[in-house]
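Chains as they are written, first to last, in this note's numbering: chain H, 1 to 156; chain Y, 157 to 877. Glycine included, each C-beta is placed from N, C-alpha and C at the ideal position.
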Ligand code: FES
Ligand code: FES
């Protein structure tokens, strides 16, 4: 049994230590908000936060995150009240939606480090997240909008 | 953190929705209003399944608890049907969109797409097909509710109206939908119910927030890959690396000893390793020792495919013939000819193929993101020896479709594995599985020839298009006697006013399955037609925009979008060092024109901006229209810049997003969309913009460099992108 800290909860899993965190979350712990897209750190669909940094869970082995703070889309807020989620809803960012958990986690990590990113900073922080539906223009606009919401009071 | 229910948005337990409908009727809490499709403007289309018309058709359920549930028969793959289709019914019921719940319909003949003849989400038909059908269904429900109140109150129906989910009279007397549902359901659906006048629309044509957005920002939207059933196992599938090959023998002894492995099952599409957890199945798959029978494609390569298309000797089928092209070419003052090559493309939906099945003695439940429910049902029935009606399809959210989920190749393995282990099984393809076992966009080799007369006027255009046919495999009756209509799009409807036009198609199969890919043959033919138009403009010494415009007097909608895009993009006024290219198309009843703005730095092309003008007729939800247009451009630009699937020894060489590159945020150009107000019948919006971007960029590249790229992708030109 391995003990993990996910979204503030302590959870136990019988997954072997060399299992990628993505599958521990999705399959062993039943948290399917984090998505599988490529398995090779190429698409960003599986992005979670490990100690506040955007991390591709598909290439992150369970053994390497023991004792660290893991945050997934399920832990962003209880009620979609996180400023990034609010901005995403305001702009109706998702289409098929499959990449969006990863996009939102990458955007949130960016805003934690840089509360007012420029377009170029957004581009470079988000370059690892593919969206096949091409929602990029709205993602960029929503990150700016979330930055505004954070500035005017919402916590990131 | 418990298992999620499997309904869309996680709001419904996993059960057959048809049963659910019947059950709720019996429970007395809520009643379905059966809507007859008779007189709904169903096209007298021979493709439509006979016997459907006149059957009560459950599109709408009004509960005693005032809930309004709308069943949608189309799959939600990002194109917005989960919002747009309910809008059509909510409009007729005079309720806000927030008052309705949405459920996916089961597989069934009630939900046959009347434009395409089977239950299918494709061909940019979602709104086009539903437009009259669902508004009429809503109008019938309105008449039935009003009729029920009129009878109860002994007044004329004409004195009553709907407001806020109730029938009201002028004096403020009111009965809610829930109170009236039972009486309304006993009435025959009126045949003459007429949908509301356009001028009275409260919802249609106004931007509405998508109903599926909340579940897509908190991770609760349930895609096929998220389905969890009690006792469910996971499987990884090994498929023959050579397309079309088969298993000869399997040594699974090493794999079976690995932790968690339940069983190794040979299925129709390969070898499935079933384990308690997915990663265990993936690890164990690598321990299989399989001898493959490579089959007929063992020696197939991209070079051979292209050579075959070039040398194809099949009889050309005519798709369009105006005047006498041969005579015009003979009499020509000047002749121009060019040939174009288009590659195989992968769909690369964000959610890799997957399917969950629960095979039991009396049937099988299948949980899957599919665009083609009845065919999926048939494929599982076939694999398990069941009757189609014993297979229950539970459509999930689709993490992208783009035509990939019109194929059912990834579906039966889950059912076969489930039957073999006696438990529900979810089969998940890796990205590599998905990339190397797609039904790829057909490649093409096309020759265009044109003639100018003595007055420098375009007198003839001849297009000879050679490619394999998707339709011949998917819907064989369609091509029995006729040219494949889905191979000659954006060509047979040649827009420009030229006296002699001939479009011919040579069907040439290449040994592997090709599939419908977002915008289907538009993506092939628009590149040819619009690149060639640009070549002709230069030969004629005319501006590419003016050259086109002068030939569009008989096509006012096409002319309008062309003028609109030119004026919005500032045609002819590109910034210093920037260059423009223009392209135009009609597809799915929608007119699209684009201007690409690019620059060249050290011989490398950078796409800065795409301006797009669209006339798609009456819009249901402009907000979704705009996002579908930009989505299509990004998808088409990915393909134009980098998209190419190549084969060697019958194996696909591209495996993941490192060697099948797609557009990322930092590559994405600025996108500007201009939607033209229109009262015409709604056109499709999911696909047309995809096809127009490649020629717009190619034409800009010519303007910038004098280099004419006639073979996609641009990346195949060394150093260009
Ligand atoms: S699934 Fe992890 S980056 Fe693609
Ligand atoms: S919304 Fe579909 S992949 Fe991003």
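N-terminal and C-terminal residue of the alpha helix (DSSP H) that residue i is part of
i, result
"residue 590(Y)", "587-592"
"residue 486(Y)", "481-486"
"residue 575(Y)", "568-577"
"residue 244(Y)", "237-249"
Helix, strand or coil at residue i according to DSSP, with G and I counted as helix
i, result
"residue 71(H)", "strand"
"residue 22(H)", "helix"
"residue 175(H)", "Since the first and last residues shown for chain H are 1 and 156, residue 175(H) lies out of range."
"residue 3(H)", "strand"
"residue 204(Y)", "Note that residue 204(Y) has pLDDT 27, beneath the 50 cutoff, so the model's placement of it is unreliable and no number is given."
"residue 656(Y)", "strand"
"residue 355(Y)", "helix"
"residue 550(Y)", "strand"
"residue 682(Y)", "helix"
"residue 688(Y)", "helix"
"residue 186(Y)", "Confidence at residue 186(Y) is low in this model, with a pLDDT of 49, below 50, so the placement of that residue should be treated as unreliable; the coordinate-derived value is given next. If DSSP states are grouped into helix, strand and coil, residue 186(Y) belongs with the strands."
"residue 82(H)", "coil"
"residue 225(Y)", "strand"
"residue 889(Y)", "Summary: the structure shown does not reach residue 889(Y), with chain Y confined to residues 157 through 877, and so no result is reported for it."
"residue 307(Y)", "helix"
"residue 211(Y)", "Because the pLDDT of residue 211(Y) is 32, which lies under 50, any placement of that residue in the model is unreliable, and the number read from its coordinates should be weighed accordingly. Correct three-state label for residue 211(Y): coil."
"residue 11(H)", "strand"
"residue 627(Y)", "helix"
"residue 753(Y)", "strand"
"residue 473(Y)", "strand"
Interface residues of chain H facing residue i [CB-CB closer than 8 Å]
i, result
"residue 442(Y)", "The premise fails here: residue 442(Y) is roughly 13 Å from chain H at the closest Cβ pair, so nothing lies under 8 Å."
"residue 787(Y)", "95, 133, 134, 135"
"residue 508(Y)", "36, 37"
"residue 583(Y)", "Chain H residues near residue 583(Y): none, gap ~13 Å exceeds 8 Å."
Option nearest residue i by Cα separation, candidates the options
i, options, result
"residue 29(H)", "246(Y), 433(Y), 220(Y)", "433(Y)"
"residue 865(Y)", "487(Y), 687(Y), 423(Y), 343(Y)", "687(Y)"
"residue 45(H)", "123(H), 140(H), 132(H)", "132(H)"
"residue 751(Y)", "532(Y), 735(Y), 745(Y)", "735(Y)"
"residue 596(Y)", "538(Y), 376(Y), 399(Y), 768(Y)", "399(Y)"
"residue 353(Y)", "740(Y), 599(Y), 291(Y), 302(Y)", "291(Y)"
"residue 473(Y)", "257(Y), 782(Y), 856(Y), 658(Y)", "658(Y)"
"residue 444(Y)", "424(Y), 463(Y), 393(Y)", "393(Y)"
"residue 838(Y)", "852(Y), 747(Y), 571(Y)", "747(Y)"
"residue 639(Y)", "791(Y), 656(Y), 620(Y)", "620(Y)"
"residue 430(Y)", "405(Y), 469(Y), 573(Y)", "573(Y)"
"residue 303(Y)", "653(Y), 288(Y), 324(Y), 286(Y)", "324(Y)"
Integer Cβ distance of residue i from residue j, believed to fall under 8 Å
i, j, result
"residue 454(Y)", "residue 806(Y)", "5 Å"
"residue 776(Y)", "residue 226(Y)", "Rounded, the Cβ-Cβ distance is 14 Å, inconsistent with contact."
"residue 522(Y)", "residue 481(Y)", "About 50 Å separates the two Cβ atoms, so there is no contact after all."
"residue 62(H)", "residue 21(H)", "6 Å"
"residue 738(Y)", "residue 700(Y)", "6 Å"
"residue 868(Y)", "residue 850(Y)", "6 Å"
Residue i: contacting residues in chain H (beta-carbon distance under 7 Å)
i, result
"residue 775(Y)", "None at all; the shortest Cβ gap to chain H is about 15 Å."
"residue 586(Y)", "39"
"residue 370(Y)", "80, 89"
Residue span of the beta strand (DSSP E) that contains residue i, given as start and end
i, result
"residue 448(Y)", "445-449"
"residue 582(Y)", "581-584"
"residue 789(Y)", "Residue 789(Y) -> not in any beta strand (DSSP E); alpha helix (DSSP H) instead, spanning 778-798."
"residue 521(Y)", "519-524"
"residue 267(Y)", "No beta strand (DSSP E) holds residue 267(Y); DSSP gives it neither H nor E."
"residue 608(Y)", "600-608"
"residue 426(Y)", "426-431"
9 Å Cβ cut-off: residues of chain H touching residue i
i, result
"residue 813(Y)", "37, 38, 40, 42, 43, 130"
"residue 779(Y)", "92"
Beta-carbon neighbours of residue i, restricted to chain Y and to distances below 7 Å
i, result
"residue 127(H)", "820, 821, 822"
Within chain Y, the residues that residue i reaches when beta carbons sit closer than 8 Å
i, result
"residue 101(H)", "375"
"residue 63(H)", "Those do not exist, as residue 63(H) stays about 13 Å from chain Y at its closest Cβ, beyond 8 Å."
"residue 28(H)", "433"
"residue 85(H)", "373, 374"
beta-carbon residue i near ligand 4 non-hydrogen atom, thresh 7 Å
i, result
"residue 99(H)", "Ligands present in the displayed structure are limited to ligand 1 and ligand 2, and ligand 4 is not among them."
Contacts that residue i makes with chain Y (C-beta to C-beta distance below 9 Å)
i, result
"residue 150(H)", "What residue 150(H) touches in chain Y: nothing, since even the nearest Cβ is about 16 Å away."
"residue 57(H)", "Result: empty, since nearest Cβ-Cβ is about 12 Å, beyond 9 Å."
CB contact below 8 Å: residue i versus chain A
i, result
"residue 382(Y)", "Looking at the structure shown, chain A is missing, and the protein chains on hand are H and Y."
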